[in-house]
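Written out below as C-alpha cells is the structure these notes cover.
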Amino acid sequence: MPMYGAYVCGPCDGLYYLYEYDFSGRALWNPTINELKLLPQIIEKSDPPPNTTPAKNEVYGFGSDPLTGDYKVAVIKGYWSTNDEDVSYPLSVFVYSLRTNSWKYCGDLTREYDLASNKCYIFVKGCCFWLGSSSQDGENSGEVIVSFDMASDSFQEISVPNYQQPASKCLGIYDDSLAFISVHDDEKTLDLWTLNDGIWTKKFGIGPFPDVWNPIGHWKDNKLILECEERKLVLCDPNTQEIKDLAFHQDMSCQGIFAYMESLVTLKDKTESKAGEEEVKGDAGQA
Numbered sequence: 001m002p003m004y005g006a007y008v009c010g011p012c013d014g015l016y017y018l019y020e021y022d023f024s025g026r027a028l029w030n031p032t033i034n035e036l037k038l039l040p041q042i043i044e045k046s047d048p049p050p051n052t053t054p055a056k057n058e059v060y061g062f063g064s065d066p067l068t069g070d071y072k073v074a075v076i077k078g079y080w081s082t083n084d085e086d087v088s089y090p091l092s093v094f095v096y097s098l099r100t101n102s103w104k105y106c107g108d109l110t111r112e113y114d115l116a117s118n119k120c121y122i123f124v125k126g127c128c129f130w131l132g133s134s135s136q137d138g139e140n141s142g143e144v145i146v147s148f149d150m151a152s153d154s155f156q157e158i159s160v161p162n163y164q165q166p167a168s169k170c171l172g173i174y175d176d177s178l179a180f181i182s183v184h185d186d187e188k189t190l191d192l193w194t195l196n197d198g199i200w201t202k203k204f205g206i207g208p209f210p211d212v213w214n215p216i217g218h219w220k221d222n223k224l225i226l227e228c229e230e231r232k233l234v235l236c237d238p239n240t241q242e243i244k245d246l247a248f249h250q251d252m253s254c255q256g257i258f259a260y261m262e263s264l265v266t267l268k269d270k271t272e273s274k275a276g277e278e279e280v281k282g283d284a285g286q287a
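See below:
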C-alpha cells in the first residue's frame, strides 16, 4: 500500500481512492502501473455552522462521470460542535474532479442522515450509493439509500425494499444493477433484490445458511461474499447455493472486498504527460 493505514475504495476502471484518516491524506492510485496522485487539500464550506469544526469521520464514494469520462470523488462531511452541545447539522457535500484537479462545494443534504460509519459504497450506472438511515429532529425515521449522480452532482433518496427483519444487510451489484442483500438474523436465509427504473424486484431467496453472519458484497459472475462464524469469508453461488471457503480468516470484521482489475488509465494531467513525453524524446535524441 502506498499510504499507510489508508481506507481503500473502488475500483473504478482499475483506479482506487485512498484516504488516510489520521492525516487526512487523499490520493488516487493505479496499482497496475504503480501511479499515485496526491489530491489537493479538501476545501471548507465558506459559511460553516457557528461554533463547529469539520468532523474527522466522513463518507466517500469514487466513480466516473459517464458523460465526460472524468473521475470524481464525492465526500460527505459533517460538523462537530466546539461547545459540547448535542446539535445536529446538515451534511455538506464536496466533489473532487481529476480533470480539473480541484474540489468544489456542492451544497448540503436536505435531510439529516446517519452515514458516519458507512465506508462501503456501491458505484454502478454512473451513481454512488450508500446505505444508511434518515432522521427528523434527531429521531431516527427509517432506513434509506442515498445516491449521488456523478454527471449531475445531485443526490437522491431511495427507499429500501420490504425485506424480512431483523437482518444484516449490505448493498452490492447483481446483473449490472444495484442490489440489496439481506441475511435474516434467526432464519439465516439470504434474500436479494435489484433496483431498475426505481422499482425493487426480488431476484431470489436462498438458504438457510446456519453459519452465515453478514453479507459482505458481490463478486464476479453474480456470486456473493459472506462472512461466517469465526469471521471467515466464503463465496456463495446463488444458482447452486454452493458455499466455498475462501481460506481467509481475520480478527476483525470485514468492511468490504474489491475485485482487482488491471488498468492502463494514467492519473497524470496533460501537462505532466506532455513533459514526460518530451523527456523521453530528449533522451532518445541524445542516444
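Numbering-wise, the UniProt record's numbering puts 244 at position 244 of the sequence shown, and it's gapless, one number per residue.
No residue lacks a Cβ here, since even glycine has one placed at the ideal position from N, Cα and C.
So, are the CB atoms of residue i and residue j less than 8 Å apart?
{"i": "L224", "j": "A151", "result": "no"}
{"i": "Y71", "j": "L15", "result": "yes"}
{"i": "K244", "j": "V234", "result": "yes"}
{"i": "S168", "j": "D186", "result": "no"}
{"i": "S182", "j": "P215", "result": "yes"}
{"i": "L267", "j": "K37", "result": "yes"}
{"i": "L192", "j": "K203", "result": "yes"}
{"i": "S81", "j": "N51", "result": "yes"}
{"i": "I257", "j": "G217", "result": "yes"}
{"i": "Y105", "j": "F94", "result": "yes"}
{"i": "F62", "j": "G10", "result": "yes"}
{"i": "N222", "j": "Y260", "result": "no"}
{"i": "L109", "j": "L91", "result": "yes"}
{"i": "A74", "j": "Y60", "result": "yes"}
{"i": "G172", "j": "I122", "result": "yes"}
{"i": "P166", "j": "F180", "result": "no"}
{"i": "K232", "j": "V212", "result": "no"}
{"i": "Q226", "j": "C236", "result": "The displayed chain sequence assigns Leu, not Gln, to residue 226. Contact flag set, yes."}
Have a look at the options and flag the residue whose alpha-carbon is nearest the alpha-carbon of residue i.
{"i": "T53", "options": "K77, I33, L178 and V212", "result": "K77"}
{"i": "Y113", "options": "G205, F123, D237 and V144", "result": "V144"}
{"i": "Q156", "options": "R111, L192 and Y174", "result": "R111"}
{"i": "L115", "options": "W130, N101 and C106", "result": "W130"}
{"i": "S133", "options": "I158, S154 and P208", "result": "I158"}
{"i": "Y21", "options": "M3, L171 and Y260", "result": "M3"}
{"i": "P238", "options": "E230, D86, P166 and P208", "result": "P208"}
{"i": "D47", "options": "C12, D149, G107 and P166", "result": "G107"}
{"i": "D13", "options": "Y7, L28 and A6", "result": "L28"}
{"i": "Q241", "options": "P210, I206 and D269", "result": "I206"}
{"i": "G146", "options": "Y163, C128 and E44", "result": "Rather than Gly, the amino acid found at residue 146 in this sequence is Val. Taking only the C-alpha atoms, the option nearest V146 is C128."}
{"i": "L195", "options": "P210, V124, S135 and K188", "result": "V124"}
{"i": "residue 288", "options": "P40, F148, I33 and D86", "result": "For the chain, the structure presents residues 1 to 287; residue 288 sits outside this window and is missing."}
If you follow the beta strand (DSSP E) that residue i is part of, which residue opens it and which one closes it?
{"i": "L91", "result": "Taken as a continuous stretch (DSSP letters only), L91 belongs to no beta strand (DSSP E), as it is neither H nor E."}
{"i": "T266", "result": "Segment: none, T266 is in no beta strand (DSSP E) and carries neither H nor E."}
{"i": "A27", "result": "R26 to N30"}
{"i": "F62", "result": "T52 to S64"}
{"i": "G126", "result": "Here G126 belongs to no beta strand (DSSP E), and DSSP marks it neither H nor E."}
{"i": "K104", "result": "S102 to D108"}
{"i": "P11", "result": "Y7 to C12"}
{"i": "S81", "result": "Y71 to S81"}
{"i": "K37", "result": "E35 to L38"}
{"i": "L233", "result": "L233 to D237"}
{"i": "K45", "result": "Premise fails: K45 is in no beta strand (DSSP E) and is neither H nor E."}
{"i": "L98", "result": "No beta strand (DSSP E) holds L98; DSSP gives it neither H nor E."}
{"i": "L18", "result": "L15 to Y19"}
{"i": "I243", "result": "E242 to D245"}
{"i": "Y113", "result": "E112 to D114"}
Quick check: does the Cβ of residue i come within less than 7 Å of any heavy atom belonging to the ligand SAM?
{"i": "A179", "result": "As far as ligands go, the structure on display features none, and thus does not contain the ligand SAM."}
Q.
Which runs of the beta strand (DSSP E) at least 3 residues long sit entirely within the segment 154-229? Give them in chain order.
A. Fully enclosed beta strand (DSSP E) runs of 3 or longer: 154-159, 167-174, 177-184, 190-196, 199-206, 212-218 and 224-228.
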